[in-house]
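Protein chains: 2
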Amino acid sequence: MTIELVSKTRCFGGLQKVYKHESSELNCTMKFSLYEPEQRADTERFHVLFYLSGLTCTEENFIQKSGFQKYANEQRLMVVGPDTSPRGCNIPGDRDAYDFGEGAGFYVDATKEPWSKHYRMYSYVTKELPTLIRQNFPFISGKFGIFGHSMGGHGAISIGLRNPNLFKSISAFAPICNPSNSPWGRDKTFKFYLGEDIQDEWGKYDSKELVLSYAGPPRKILVDQGTEDDFLSSHLMPETLKDAATANSNVDVELRMQEGYNHSYFFIATFIEDHLKHHAHILNAA
Amino acid sequence: MTIELVSKTRCFGGLQKVYKHESSELNCTMKFSLYEPEQRADTERFHVLFYLSGLTCTEENFIQKSGFQKYANEQRLMVVGPDTSPRGCNIPGDRDAYDFGEGAGFYVDATKEPWSKHYRMYSYVTKELPTLIRQNFPFISGKFGIFGHSMGGHGAISIGLRNPNLFKSISAFAPICNPSNSPWGRDKTFKFYLGEDIQDEWGKYDSKELVLSYAGPPRKILVDQGTEDDFLSSHLMPETLKDAATANSNVDVELRMQEGYNHSYFFIATFIEDHLKHHAHILNAA
Numbered sequence: 131m132t133i134e135l136v137s138k139t140r141c142f143g144g145l146q147k148v149y150k151h152e153s154s155e156l157n158c159t160m161k162f163s164l165y166e167p168e169q170r171a172d173t174e175r176f177h178v179l180f181y182l183s184g185l186t187c188t189e190e191n192f193i194q195k196s197g198f199q200k201y202a203n204e205q206r207l208m209v210v211g212p213d214t215s216p217r218g219c220n221i222p223g224d225r226d227a228y229d230f231g232e233g234a235g236f237y238v239d240a241t242k243e244p245w246s247k248h249y250r251m252y253s254y255v256t257k258e259l260p261t262l263i264r265q266n267f268p269f270i271s272g273k274f275g276i277f278g279h280s281m282g283g284h285g286a287i288s289i290g291l292r293n294p295n296l297f298k299s300i301s302a303f304a305p306i307c308n309p310s311n312s313p314w315g316r317d318k319t320f321k322f323y324l325g326e327d328i329q330d331e332w333g334k335y336d337s338k339e340l341v342l343s344y345a346g347p348p349r350k351i352l353v354d355q356g357t358e359d360d361f362l363s364s365h366l367m368p369e370t371l372k373d374a375a376t377a378n379s380n381v382d383v384e385l386r387m388q389e390g391y392n393h394s395y396f397f398i399a400t401f402i403e404d405h406l407k408h409h410a411h412i413l414n415a416a
Numbered sequence: 131m132t133i134e135l136v137s138k139t140r141c142f143g144g145l146q147k148v149y150k151h152e153s154s155e156l157n158c159t160m161k162f163s164l165y166e167p168e169q170r171a172d173t174e175r176f177h178v179l180f181y182l183s184g185l186t187c188t189e190e191n192f193i194q195k196s197g198f199q200k201y202a203n204e205q206r207l208m209v210v211g212p213d214t215s216p217r218g219c220n221i222p223g224d225r226d227a228y229d230f231g232e233g234a235g236f237y238v239d240a241t242k243e244p245w246s247k248h249y250r251m252y253s254y255v256t257k258e259l260p261t262l263i264r265q266n267f268p269f270i271s272g273k274f275g276i277f278g279h280s281m282g283g284h285g286a287i288s289i290g291l292r293n294p295n296l297f298k299s300i301s302a303f304a305p306i307c308n309p310s311n312s313p314w315g316r317d318k319t320f321k322f323y324l325g326e327d328i329q330d331e332w333g334k335y336d337s338k339e340l341v342l343s344y345a346g347p348p349r350k351i352l353v354d355q356g357t358e359d360d361f362l363s364s365h366l367m368p369e370t371l372k373d374a375a376t377a378n379s380n381v382d383v384e385l386r387m388q389e390g391y392n393h394s395y396f397f398i399a400t401f402i403e404d405h406l407k408h409h410a411h412i413l414n415a416a
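Protein chains in written order, with our numbering: chain A, 131 to 416; chain B, 131 to 416.
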């Protein structure tokens, strides 16, 4: 699989890069960002941390607004940020709403037409992208971490828990914790990408349900949530995640309610240092 | 003078706000950003630091991309960021180029028609905006600092040196050091805003010339410049500033050439902590 460098910019000692490639999972050209810490020796290898963005984002928002690069360089983490959906596939209706189609892949493998040929972000993040990283970059074998924001927080928790051999550390900012019961999932993305097979298909991608059923090695999930987030009660519902973890001794959810913060990157930037440290601590010990 | 809150978001403990107001200098509605550190006591007052943005920017770029808020809160600095030009004045030609008209006020007071009624960013930054801050916020009297990027670095150095009683500390990222000889100044903004009166008008706004003639209290100006900046030799010319300072014992220019960095906010974010500390150190001692 071939990747092509789109841009390369020095930042906090390391390099913030953007690549593009032809995705076989998504059947379109995709971009992803990759931050490489300053290499201290030719032989140095890095832990890899995936960041999944929220609705409407591309691979650019996170690298421009979160300020993560300082801590990625300090903690020696390579950070990879995919786009949030396939692009340019021209499926009717894929650009009509901010919360469906382009920019709203929701990190699932669609089973319904006309979405199933392209909307396979789950397989893209768990198979194609890890393979690209393994083939092209100085990574430390088998020790990926994953985190994200909002729709990407849902993606990080659900993907992390379903792939414990691939992802050793998980965290999230303001995740959609129970998308089967959130209007974004229930009435739009899950309904049209996955159809009405709620029991079998929806549950595969619902963080609350996955926390309840998780039977892998112990996981501690760091979750930050702003109290002034406009989507808190209607869409995010972090208490469902916390309650589910209470019923499963294999999962510990550290839910930090951050007073006065909203859903923006100003919130993410404020707490991102803690998340990079969380991942580095677990990955270094794994 | 009345100001109106446009937005307010918690960030690194403090509040990132945006205000709008009717500007009497610019004869239009203007916005500015203001970061207020978390107040530790009702009586706490803050030093004020002005940030001037570069070409094409509004008041948004800096607050979203530089990550300055962490250090503003740590250093107890209120940071104010004006827009880069008047807006919505509908002067023929004011939106035809990225480097002239809207987004390119160049921090001068235009003397030529049709620009002179609105394009008065020098007086806006040195008179109207400081007055608004004094009237509305918990500032520490008479101790403002000023910094900026590119066109805003030119603005910060020229405005700072011409107003030593108002601005006690100065720094810049990749400033346009000698705009009278840069295509941006010579062939566009200076030429059309100020006309051909090079000796009297252009020199008022040329940082290199102002460093040469500066006769106020000693100033140490911190300047960071990336070596991979596409505009370095054609537009920025930091060596002219350094040479001028060598000829004037009242001005010390600490020019730091940063290997591998370009003109972007990735460069600014990498070194902004040093700039906030530079200003806090001088303002606290003033």
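Even for Gly, the Cβ is constructed at its ideal location relative to N, Cα and C.
Subject >> Contact set between A:Lys195 and chain B, taken where Cβ atoms lie within less than 8 Å >> reply: Chain-ordered, the chain B residues with CB closer than 8 Å to the CB of A:Lys195 read Gln194 and Lys195.
Original post:
Can you find a CB in chain B that lies within less than 9 Å of the CB of A:Gln265?
Top reply: So no, A:Gln265 is outside the interface.
Original post:
Where B:His393 and B:Glu243 are concerned, what is the direct C-alpha to C-alpha distance, given to the nearest angstrom?
Top reply: Whole-angstrom Cα-Cα distance: 32 Å.
**OP:** Closer than 9 Å, Cβ to Cβ, to anything on chain A: give me those residues from the segment 388-401 of chain B, in chain order.
**Re:** Answer set for the segment 388-401 of chain B: Gln388, Glu389, Gly390, Tyr391, Asn392, Ser394, Tyr395, Phe396, Phe397, Ala399 and Thr400.
Original post:
Listed in chain order, which residues of the segment 139-154 of chain A have Cβ atoms closer than 8 Å to some Cβ of chain B?
Top reply: Residues of the segment 139-154 of chain A with a C-beta less than 8 Å from any C-beta of chain B: Thr139, Arg140, Cys141, Phe142, Gly143 and Gln146, listed in chain order.
**OP:** Identify the continuous beta strand (DSSP E) that holds B:Lys298 and give its terminal residues.
**Re:** Counting along the chain, B:Lys298 sits inside the beta strand (DSSP E) bounded by residues Phe297 to Phe303.
Subject >> Spatial distance of A:Asn203 from B:Phe396 (CA atoms) >> reply: One C-alpha to the other measures close to 13 Å.
Subject >> Whole alpha helix (DSSP H) elements within the segment 173-205 of chain A, 4-residue minimum >> reply: Those alpha helix (DSSP H) runs which fall completely within the segment 173-205 of chain A and span 4+ residues are 190-195 and 199-205.
**OP:** Grab the span of the beta strand (DSSP E) containing A:Thr388 for me, first residue to last.
**Re:** Here residue 388 of chain A turns out to be Gln, not Thr, going by the sequence shown. Per DSSP, A:Gln388 belongs to the beta strand (DSSP E) from Val381 to Gln388.
**OP:** Out of A:Phe277, A:Gly315 and A:Phe361, point me to the one whose CA is closest to A:Ile351's CA.
**Re:** The shortest C-alpha separation from A:Ile351 is found at A:Phe277.
Original post:
With a Cβ-Cβ cutoff of 9 Å, do B:Ala286 and B:Leu185 count as a contact?
Top reply: Cβ atoms of B:Ala286 and B:Leu185: not closer than 9 Å.
Original post:
What does a CB cutoff of less than 7 Å around B:Gln199 pick up in its chain, not counting 5 residues either side in sequence?
Top reply: Counting only Cβ-Cβ distances below 7 Å, and skipping sequence neighbours, we find Cys141, Phe142, Gly144, Gln146 and Tyr165.
**OP:** Could you round the C-beta distance between A:His284 and A:Pro309 to whole angstroms and report it? I think they count as a contact, below 8 Å.
**Re:** Yes, A:His284 and A:Pro309 are in contact; Cβ-Cβ is about 6 Å, under 8 Å.
Original post:
Rounded to whole angstroms, how far is the Cβ of B:Ser299 from the Cβ of B:Leu413, which I believe are closer than 8 Å?
Top reply: That pair is a contact at about 6 Å.
Original post:
Under the DSSP definition of a beta bridge, which residues are partnered with B:Arg140?
Top reply: B:Arg140 pairs with B:Leu145.
**OP:** Can you say whether A:Ala399 is buried or exposed, counting buried as having 16 or more other CB atoms within 10 angstroms of its CB?
**Re:** Under a 10 Å Cβ-count criterion, A:Ala399 is classified as buried, with 16 or more other Cβ atoms of the shown protein chains found around its own Cβ.
**OP:** Please classify A:Met160: does DSSP put it in a helix, a strand, or coil?
**Re:** Strand.
Original post:
What residue from B:Val381, B:Arg386, B:Asp239 and B:Ser363 has the CA that sits closest to B:Phe322's CA?
Top reply: It is B:Asp239.
Original post:
The beta strand (DSSP E) with B:Pro212 in it runs from where to where?
Top reply: Looking at the DSSP string, the run of the beta strand (DSSP E) that includes B:Pro212 is Leu207 to Pro212.
Original post:
Given that a residue counts as buried once 16 or more other Cβ atoms are within 10 Å of its Cβ, and exposed if not, what is B:Ala377?
Top reply: Counting Cβ neighbours within 10 Å, B:Ala377 comes out exposed, since fewer than 16 surround it.
Original post:
Are three or more beta carbon pairs between the segment 166-182 of chain A and the segment 210-222 of chain A nearer than 8 Å?
Top reply: Segments in contact, yes.
Subject >> CB contact check: B:Lys407 to chain A, cutoff 9 Å >> reply: Under the 9 Å criterion on CB atoms, B:Lys407 is classed as non-interfacial with respect to chain A.
Original post:
So is B:Asn220 buried or exposed if we call it buried at 16+ other beta carbons inside 10 Å?
Top reply: By the beta-carbon neighbour count (other beta carbons within 10 angstroms, threshold 16), B:Asn220 is exposed.
**OP:** Output yes or no for whether 9 Å exceeds the beta carbon distance between B:Tyr149 and B:Tyr237.
**Re:** It is not a contact, given that the beta carbons lie outside the stated cut-off.
**OP:** Would you please verify whether the beta carbon of B:Gln199 is less than 9 Å from any beta carbon of chain A?
**Re:** Yes, contact with chain A.
Original post:
Any beta-carbon of chain A closer than 9 Å to the one on B:Gly356?
Top reply: Yes, B:Gly356 lies at the interface with chain A (some Cβ there is under 9 Å from its Cβ).
Original post:
Between A:Leu371 and A:Ala304, is the Cβ-Cβ spacing less than 9 Å?
Top reply: No; because the gap between Cβ atoms is not below 9 Å, this pair is not in contact.
Original post:
What is the residue span of the beta strand (DSSP E) that B:Arg250 lies within?
Top reply: Careful: B:Arg250 lies outside any beta strand (DSSP E) and carries neither H nor E.
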